[in-house]
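Whatever position you read off the sequence shown (first residue = 1), add 1469 for my numbering.
Heads up, the beta-carbon is just placed ideally off N, CA and C, and yes, glycines get one too.
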Amino acid sequence: MQRQFSLKIVDRVYETLLVRGESLDAIEAGRLLLCSPFAPEDLCRQVVHALVLHDRRFCWDQETGQALALRQWVVPDPHLADVAFVALDLETTGARPGPCKITEIGAVRLEGFKEVRQFTTLVNPMRPIPPFITRITGITQKMVADAPRIEEVLPELLAFLEGAVLVAHNAPFDVGFLNYELSRLVGWRLGEGAIDTLPLARAVAPGLPNYRLGTIAEAFGAPVAACHRALADAQAVSHVFVTLAERLQEQGISRLSEVRALVTPAARLTLEKLPLTRGLPRRPGTYRFVDRDGTVLYVGKA
């Protein structure tokens, strides 16, 4: 997808589809992306094709092949044990994507809740590492001097992530840095759906002193302590996630969509319910509640 497409515009198209609850004609979707109500039809099809190719949230409508749809509408809802997950952790030069850069990546791939592979590398941020960051992570300028740059690392990392659901602790931080670099270098980003173990732990394991990764990992008996190094922290995230998933399955929660619902912000859940209102009147009037037999239970006005 061309870099001139603002991520905010792409998000707006995503939310438009959520509200509609149904696919959007490729021409109309293309004009939304281009912010031009008169964009040529061929150009619209090209940009929508690029969107589907590079943003995993989107797909072509299965019936017509000519309309833009959301992948979550057509992808089956698998059991957790059938899903590949990748626990990810990044170390960076600071807290803000853009001014701050990635210095280390660690990832653990899980299949059937078993670790099958690891990925780890230092990354040359091409800028100084602040001394306070070195004190936290132990990563020095000398350590990254000969490390690959992020553009050299991304292809291998994306191959490692292929077909898996991302898991991270405080996921917006890690996903934010990764998506910034993806959008800067190739003009697209990862799709929605990273599972954040921070709100998941709060929902499944209440009563912990705090919900820092190290605290949760220790409480769950993780064999590797979280220590602000990417691979060790990714291993801690992996252990925390597997423990939480086991507890969820004991409670009868065994599907991916159910776990996503636990970590989805209330505002997004509300947004996803908006398609239910499509057939409702938009002007003032009266309404009534009826039971399954048609008996009027309540009459009101709005």
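- In this structure, the beta-carbon distance from Ile1496 to Glu1560 does not fall below 8 Å.
- In the structure shown, the three-state DSSP call for Gly1499 is helix.
- Residue pairing by DSSP puts Lys1770 in a beta bridge opposite Thr1755.
- Excluding five sequence positions before and after Val1552, the CB atoms of its chain that fall closer than 7 Å to its own CB belong to Val1634, Leu1725, given in chain order.
- Going by DSSP, Glu1715 is part of the alpha helix (DSSP H) stretching over 1699 to 1719.
- When the five nearest sequence neighbours on each side are left out, the beta carbons in the same chain lying within less than 7 Å of the beta carbon of Phe1582 are those of Ala1550, Val1711, Ala1714, in order along the chain.
- Every beta strand (DSSP E) of 3 residues or more that sits fully in the segment 1562 to 1615 is shown, in chain order, as 1571 to 1580, 1583 to 1591.
- Remark: C-beta atoms of Cys1528 and Val1517 do not approach each other more closely than 8 Å.
- In this chain, the beta strand (DSSP E) harbouring Ala1637 covers 1634 to 1637.
- Per the DSSP secondary-structure output, Glu1560 pairs in a beta bridge with Glu1573.
- Counting the other Cβ atoms within 10 Å of the Cβ of Cys1504 gives fewer than 16, which makes it exposed.
- Rounded to whole angstroms, Leu1682 and Phe1629 show a C-alpha spacing of 23 Å.
- Between Ala1695 and Ala1686, the C-beta spacing is below 8 Å.
- The Cβ atoms of Ile1605 and Thr1562 lie no closer than 8 Å to each other.
- Rounded to the nearest whole angstrom, the C-alpha separation of Pro1641 and Gly1567 is 14 Å.
- When the Cα atoms are used, Pro1668 and Ser1707 turn out to be separated by approximately 15 Å.
- The beta-bridge partner set that DSSP reports for Phe1554 consists of Leu1579, Val1634.
- As DSSP reads the structure, Leu1537 sits in a beta bridge with Leu1493, Trp1529.
- By the Cβ neighbour-count rule, Gly1676 is exposed, with fewer than 16 other Cβ atoms within 10 Å of its own.
- In summary, Gly1499 is buried, with 16 or more beta-carbon neighbours lying within 10 Å of its beta-carbon over all protein chains present.
- Remark: C-beta atoms of Ala1703 and Ala1564 do not approach each other more closely than 8 Å.
- Secondary structure at Arg1681: coil, using DSSP grouped into helix, strand and coil.
- Counting along the chain, the unbroken alpha helix (DSSP H) around Ala1640 starts and ends at 1640 to 1654.
- Closest option to Asp1558, judged by alpha-carbon separation, among Gln1515, Val1592, Arg1716: Val1592.
- Taking all protein chains shown into account, Thr1666 has 16 or more neighbouring C-beta atoms within 10 Å of its C-beta and is therefore buried.
- Boundaries of the alpha helix (DSSP H) around Thr1666: 1666 to 1673.
- Approximately 7 Å separates the beta-carbon atoms of Ile1571 and Pro1594; this is inside 8 Å, confirming the contact.
- Nearest in C-alpha terms to Arg1658, of all of His1523, Pro1545, Ala1538, is His1523.
- Restricting attention to Ala1771, Thr1684, Phe1758, Ile1664, the CA atom closest to the CA of Ala1730 is found in Ile1664.
- Distances from the CA of Leu1623 to each of Val1613, Leu1487, Glu1573 were compared; the closest alpha carbon is that of Glu1573.
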